[in-house]
Amino acid sequence: FFSLPSRRDRAREREGSAMTTRFKKNRKKRGHVSAGHGRIGKHRKHPGGRGNAGGMHHHRILFDKYHPGYFGKVGMRYFHKLRNKFYCPIVNIDKLWSLVPQDVKDKASPDNAPMIDLTQFGYFKVLGKGVLPSSQPIVVKAKLVSKIAEKKIKEAGGAVVLTA
1 FFSLPSRRDR
11 AREREGSAMT
21 TRFKKNRKKR
31 GHVSAGHGRI
41 GKHRKHPGGR
51 GNAGGMHHHR
61 ILFDKYHPGY
71 FGKVGMRYFH
81 KLRNKFYCPI
91 VNIDKLWSLV
101 PQDVKDKASP
111 DNAPMIDLTQ
121 FGYFKVLGKG
131 VLPSSQPIVV
141 KAKLVSKIAE
151 KKIKEAGGAV
161 VLTA
């Protein structure tokens, strides 16, 4: 069962995307003196307050609905936070081999483990996601190493050197 296009749809197709005046919603208001905008304010000024006014009061429902968490505080302030103190770029062990240059990879063998200094690549800490090739040991120099990363590097026959 299908429905035929309405008069409004046909009119829209004729006119393109612009809606015909006789189908606009404001036609309902014609003939009623203030057209829904009131006698005194006459659709002027700012009846609800300007901008975000009333977010805690008369506009609260809309603020809570569309902007949850807009008001209020959480946690503690950290005054004068020196970001450098917390700067610690990480690399996982599955990325270590991609940092080793190709000519060093070619020379590497089970008895000749390449050393990789992670601070040269801008990394401070090694984390333990992924696996290292067990056939090829590697010596890793880093400021910080997680327990799991250290365990996996040593299982592959490599070593960890901590730097200051």
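Heads up: the sequence shown is residues 1 to 164, going by the UniProt record's numbering.
From the three backbone atoms N, C-alpha and C, an ideal C-beta is built for every residue, glycine too.
Quiz item: By Cβ distance, which residues of its chain are closer than 7 Å to S135, with the 5 residues on each side in sequence left out?
Solution: The residues are P110.
Quiz item: At what residues does the beta strand (DSSP E) containing K141 begin and finish?
Solution: V139 to A142 is the extent of the beta strand (DSSP E) around K141.
Quiz item: Near K143, which residues of its chain fall below 6 Å by C-beta distance, leaving aside the five closest residues on each side in sequence?
Solution: Its chain contains F124 and T163 as the residues whose beta carbon lies nearer than 6 Å to that of K143, once the 5 sequence neighbours on both sides are disregarded; these appear in chain order.
Exercise. Check the DSSP bridge columns for A113 and list the partner residues they point to.
Key: Paired residues: none, contrary to the question.
Self-check item: Cβ contact check for the segment 144-156 and the segment 97-110: 3 or more pairs under 8 Å
Solution: With contact defined as three or more Cβ pairs closer than 8 Å, the segment 144-156 and the segment 97-110 are not in contact.
Quiz item: In terms of residue numbering, what span does the alpha helix (DSSP H) encompassing V104 cover?
Solution: Start and end: Q102 to K107.
Quiz item: For F23 and chain D, any beta-carbon pair shorter than 8 Å?
Solution: Reference to chain D is not applicable here, since this structure consists of a single protein chain.
Practice problem: Compute the Euclidean distance between the alpha carbons of I153 and L132, then round it to the nearest angstrom. | Solution: Cα to Cα, the separation comes out at about 7 Å.
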